[in-house]
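Each step along the sequence shown adds one to the number in numbering that gives the first Met the number 0, with nothing skipped, and position 67 is 66. All C-beta atoms in this analysis are idealised placements derived from N, C-alpha and C, irrespective of residue type, glycine included.
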Amino acid sequence: MEAARRTPLLIQLFFAFYVLPEVGLRLDAVVCGVLVLGLHVGCYMAEVYRAGIDGVSRGQWEAARALNYSMYRQWTEVVLPQAIPPMIPALGNYLILMFKESALLSAIAVLDLMGEARVFSNESYRYVEPMTLVGVFYLAISISSAIAIRYLEYRISRSRKLS
Numbered sequence: 000m001e002a003a004r005r006t007p008l009l010i011q012l013f014f015a016f017y018v019l020p021e022v023g024l025r026l027d028a029v030v031c032g033v034l035v036l037g038l039h040v041g042c043y044m045a046e047v048y049r050a051g052i053d054g055v056s057r058g059q060w061e062a063a064r065a066l067n068y069s070m071y072r073q074w075t076e077v078v079l080p081q082a083i084p085p086m087i088p089a090l091g092n093y094l095i096l097m098f099k100e101s102a103l104l105s106a107i108a109v110l111d112l113m114g115e116a117r118v119f120s121n122e123s124y125r126y127v128e129p130m131t132l133v134g135v136f137y138l139a140i141s142i143s144s145a146i147a148i149r150y151l152e153y154r155i156s157r158s159r160k161l162s
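Rendered as structure tokens:
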């Protein structure tokens, strides 16, 4: 997990797409991109989950055990309701980051939005318009996602205050 967090995503993509086939593990570009991007961002999200769970005080765990809650009940009724709300902003940021980093998949022949814009630009010799359009699209999706995440935070904090 440390290696995935300490190396750039582009290096990981190149390694998985170009080096792994040399040792007999050949993956389709889309599969390779999804796996590498998912693992890369998943390593960061794992730290958010760990921090959220560690944020639940030891007394809460002990109280759940003292009430003879099953492990399932401890997690669903005590730990997760307290751990999830503080995690939402960081998880939302990583969701947006993953969306933005998906543009790097075009480096391994995955024709995502950025890849299509580059193909169009190379064929038409017009670079400003397609790249500007892609930038505006990424910005619109990122801002929309941030607003949705902020709304989710608001709803959760409001429901916690009411209960």
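From which residue to which residue does the alpha helix (DSSP H) around residue i run?
i	result
Pro-85	79 to 100
Asn-67	Per DSSP, Asn-67 belongs to no alpha helix (DSSP H) and is neither H nor E.
Gln-11	8 to 13
Met-0	Per DSSP, Met-0 belongs to no alpha helix (DSSP H) and is neither H nor E.
Val-30	28 to 53
Phe-16	No alpha helix (DSSP H) contains Phe-16, which DSSP labels as neither H nor E.
Ala-116	112 to 123
So, is the C-beta of residue i closer than 8 angstroms to a C-beta in chain C?
i	result
Ala-139	Note that chain C does not occur in the displayed structure, where there is just one protein chain.
With distances taken Cα to Cα, identify the nearest neighbour of residue i among the options.
i	options	result
Ser-141	Val-77, Met-97, Val-78	Met-97
Ala-2	Val-29, Leu-38, Arg-25, Leu-19	Leu-38
Ala-50	Pro-85, Glu-100, Tyr-93	Pro-85
Leu-138	Met-0, Lys-99, Ala-63	Lys-99
Thr-6	Glu-21, Tyr-43, Leu-151	Tyr-43
Tyr-88	Val-77, Ile-146, Val-135, Gly-23	Here residue 88 is Pro; the residue named in the question, Tyr, does not match the sequence. Minimum Cα distance to Pro-88 is reached at Ile-146.
Glu-76	Gly-91, Asn-92, Leu-90, Gln-59	Gln-59
Leu-132	Tyr-150, Val-47, Trp-74, Ala-116	Ala-116
Lys-160	Pro-80, Gly-91, Leu-90, Arg-4	Pro-80
Ser-48	Gly-91, Arg-125, Asp-111	For the record, residue 48 in the displayed sequence is Tyr; it is not Ser. The option with the nearest alpha carbon to Tyr-48 is Gly-91.
Tyr-93	Glu-21, Pro-20, Ile-148	Ile-148
What separation, rounded to the nearest whole angstrom, lies between the Cα atoms of residue i and residue j?
i	j	result
Tyr-71	Val-55	16 angstroms
Val-18	Arg-25	9 angstroms
Ile-10	Glu-61	44 angstroms
Ser-143	Phe-136	11 angstroms
Tyr-153	Gly-41	25 angstroms
Glu-128	Ser-158	45 angstroms
Met-0	Ser-123	42 angstroms
Arg-125	Asp-111	18 angstroms
Please classify residue i: is it buried, with 16 or more other beta-carbons within 10 angstroms of its beta-carbon, or exposed?
i	result
Leu-12	buried
Val-78	buried
Met-113	buried
Val-109	buried
Ala-82	buried
Phe-14	exposed
The stretch 28 to 43 contacting the stretch 62 to 77, beta-carbon criterion three pairs below 8 angstroms: The stretch 28 to 43 is not in contact with the stretch 62 to 77.
Cβ contact check for the stretch 14 to 31 and the stretch 98 to 118: 3 or more pairs under 8 angstroms: Counting Cβ pairs under 8 angstroms, three or more are found: they touch.
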